[in-house]
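For reference, the structure discussed in these notes is given below.
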Amino acid sequence: MLSAIRRSDGATVLAYDESKRNGPFACSQCGDPVILKTGTSRINYFAHQNTLRCLSAANESDLHRRCKMEIYEALIKDPNVQKVRLERPLGTVRPDVSAVINGVPVAIEVQISNLSIENILYRTIEYHRKGVYVLWLLPWTMKLNEQRYSPTLWEKWVHAAYFGRVYYWTQNLDIVSYRFEPHLKSVPKAKLHSPAGKEITVGGYTIRSKRFRTPVLEARLNLVNDFHPCERYWWEGNGVKVPDAKICMHHPRKS
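So, in structure tokens, the structure goes:
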């Protein structure tokens with residue numbers, strides 16, 4: 000995690016501009032001791048001494064920290080954004096970045112690892128209960144340039160929750176929106192012989208892949224200027240459940 004409480008004065012401090020000599024530090028969520036980890040080849044962060052007691056103690060990649068830090072630093076420079084904070088404790092949830100954007104309370108969740116659907120549903124319900132609009136993001140990957148892409152289970156959930164789109168973060172406040180179209184694969188023609196010895200032709204058609212989708216770039220967006228609050232009502236279909244939710248999304252331009 001990138002923020003912690005400095006015990007000497009109770010201030011919330013950020014790992015990137017804090018010094019070990021100013022410790023000790025504590026987790027703002029559970030109050031347990033945390034250690035400032037520094038290095039020249041990675042982003043500074045705080046780590047729990049005991050990783051078993053706090054949900055915030057889960058292993059976090061350097062990519063995840065970089066995403067959060069870049070979004071945070073870009074938001075604090077925007078005049079239309081107030082109350083920006085990394086890892087703000089909200090009781091039952093702690094968003095990666097939160098802020099009031101154009102007067103709207105927004106929680107930004109950047110997911111690197113495969114979060115369980117149960118965890119996604121829980122967080123989404125909690126943000127709805129607290130009156131906070133959530134924006135689920137993933138880091139962009141070059142695999143999205145390919146014609147064949149295998150979305151994770153949680154990407155499929157986000158695709159359903161955001162009315163057929165997934166948002167990927169590229170840098171600073173730059174977001175790209177993708178939709179997943181069916182991916183068709185060809186079944187080649189082949190000649191076979193029936194039990195009666197008659198030659199028959201099979202194949203020669205296309206079928207819809209169960210695993211793969213074709214990603215289609217929909218829009219290039221700015222997190223502050225292009226996203227708006229939206230009420231998402233309960234929906235269920237194709238094995239996916241989406242609860243009542245407050246989500247932050249863009250409104251596609253009509254062609």
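Residues 0 to 254, numbered by our numbering, are exactly what the sequence shown covers, in order. Glycine residues also receive a C-beta, built at the ideal position from the N, C-alpha and C atoms. Since we're looking at a predicted model, the values are computed, not measured.
Quick one: what's got a C-beta closer than 6 Å to residue i's C-beta in the same chain, skipping five residues either side?
i: L152; result: none
i: H182; result: R147, S208, F211, R212, T213
i: H249; result: L220, D225, F226
i: A73; result: N171, L172
With H, G and I counted as helix, E and B as strand and the rest as coil, what does DSSP make of residue i?
i: L1; result: coil
i: C229; result: strand
i: H213; result: The question names His, but residue 213 in the sequence shown is Thr. Correct three-state label for T213: strand.
i: V157; result: helix
i: K19; result: helix
i: E86; result: coil
i: H47; result: strand
i: K195; result: The identity of residue 195 in the sequence shown is Ala, whereas the question assumes Lys. Coil.
i: V223; result: coil
i: I42; result: coil
By Cβ distance below 7 Å, which residues in the same chain neighbour residue i in space, the five residues on each side in sequence not counted?
i: P104; result: G130, V131, Y132
i: A160; result: R231, V241, A244, I246
i: A46; result: V33, I34, K36
i: I119; result: W153, W156
Give the range of the beta strand (DSSP E) segment to which residue i is assigned.
i: E69; result: From DSSP, E69 is part of no beta strand (DSSP E) but of the alpha helix (DSSP H) over 61 to 74.
i: T169; result: 165 to 170
i: G236; result: 234 to 236
i: T11; result: 10 to 13
i: C26; result: Neither: C26 is in no beta strand (DSSP E) and is coded neither H nor E.
i: I246; result: 244 to 248
i: V241; result: 239 to 241
Apart from the five residues on each side of it in sequence, which residues of its chain come closer than 8 Å, Cβ to Cβ, to residue i?
i: Q48; result: D31, P32, V33, I34
i: Q110; result: W135, L136, L137, W153
i: V239; result: K155, W156, A159
Under DSSP, the alpha helix (DSSP H) around residue i begins and ends at which residues?
i: E180; result: Unbroken run through E180 is the beta strand (DSSP E), 173 to 186; no alpha helix (DSSP H).
query: Should the stretch 224 to 236 be called in touch with the stretch 81 to 88, which here means at least 3 C-beta pairs below 8 Å?
result: Contact between the stretch 224 to 236 and the stretch 81 to 88 is absent: fewer than three C-beta pairs spanning the two stretches fall below 8 Å.
field: the stretch 132 to 147 touching the stretch 207 to 216, judged by at least three CB pairs closer than 8 Å
entry: Touching, yes.
message: Could you check whether the stretch 170 to 179 touches the stretch 60 to 75, counting it as contact only if at least three pairs of C-beta atoms, one from each stretch, sit closer than 8 Å?
response: Yes, the stretch 170 to 179 is in contact with the stretch 60 to 75.
query: Hey, which unbroken runs of the alpha helix (DSSP H) at 4 residues or more fall wholly within the stretch 98 to 158?
result: Those alpha helix (DSSP H) runs which fall completely within the stretch 98 to 158 and span 4+ residues are 116 to 129.
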